[in-house]
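A.B. asks: In my numbering, the protein residues as written are 106 to 385.
Note that beta-carbon positions come from the ideal geometry of N, C-alpha and C, so glycine has one too.
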């Protein structure tokens, strides 16, 4: 079932509504953290190894990349690549991509899953997409730390490693904003989930995860910048593979994605404010 959003009022392209919602979430921050902890536990409840599966699955996938591409096939990238080893190159891009997809996939269905609770209780709807994304961040943050510890010694503890923290913050902020946008869209139009799942499966081929960006045809390279994860992934590659600070252009692209997504979210929040709970 689809639903129509309310007409856009004048002055809608502002962050006022998003700021109002964030103030409400800040007041409910203890509840948000409690919900996040429960989400982490619930994801693997009833399994023999519990939360260990959350870490084992991505680690085994990354280990398979190194085993297959670096050891079995001994594949090498071109001379202009940040590293000659294909497996090591894939790991740096694949882990942030997996974290992003996990947060987005879980976040976009979070409002529908919490529909009964929201209809019975006056809770901020934003709690639920943010809970899903924070739970993914809690799981993937230790894995990103392991990645940094594994790659940093290659460059003699270059100061550029300090850029990893703002890169992670930018990635998770973008993931949270997009998940919130998609959660509202999924509540209004259930087909959103299927469309986004397809786009995410396609997105890894339209990002510098599987290949250095220089190997993509120059005339079509603009397509890669339509992927919100292109800039963060390039940033991680520059820091961890080359020991260099991310270029200023990458920070500008990330800032543009964050601002654009925040404006879109504020618009959707304002237009769906009186209808959202009825859609769930």
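What do you get for residue 221, buried or exposed, if any count of 16 or more other CB atoms within 10 angstroms of its CB means buried?
C.D. replies: exposed
A.B. asks: Is residue 120 helix, strand or coil by DSSP?
C.D. replies: coil
A.B. asks: Measure the CB-CB distance between residue 208 and residue 130 and report whether it falls below 7 Å.
C.D. replies: no
A.B. asks: Rounded to the nearest angstrom, how far is the Cβ of residue 256 from that of residue 197, given a contact under 8 Å?
C.D. replies: Indeed, because the Cβ distance is near 7 Å, the residues count as touching under 8 Å.
A.B. asks: Cβ atoms of residue 200 and residue 191: under 7 Å apart, would you say?
C.D. replies: no
A.B. asks: Is the beta carbon of residue 302 sitting closer than 7 Å to the one on residue 240?
C.D. replies: Residue 302 is not a Cβ neighbour of residue 240, given a cutoff of 7 Å.
A.B. asks: What is the DSSP secondary structure of residue 294, counted as helix, strand or coil?
C.D. replies: Three-state result, residue 294: strand.
A.B. asks: If you draw a straight line from the alpha carbon of residue 271 to that of residue 372, how long is it in whole angstroms?
C.D. replies: 26 Å
A.B. asks: Determine the extent of the alpha helix (DSSP H) in which residue 350 is found, giving its start and end residues.
C.D. replies: Unbroken run through residue 350: none, as it is neither H nor E.
A.B. asks: Between the Cα of residue 145 and the Cα atoms of 119, 157 and 135, which residue gives the shortest distance?
C.D. replies: Nearest of 119, 157 and 135 to residue 145, Cα basis: 157.
A.B. asks: Could you tell me if residue 323 is buried or exposed, where buried requires 16 or more neighbouring beta carbons within 10 angstroms of its beta carbon?
C.D. replies: Flag for residue 323 reads exposed.
A.B. asks: In the region 351 to 376, which residue ranges form an unbroken beta strand (DSSP E) of at least 3 residues, counting only runs that do not cross its ends?
C.D. replies: Segments of the beta strand (DSSP E) lying fully in the region 351 to 376: there are none.
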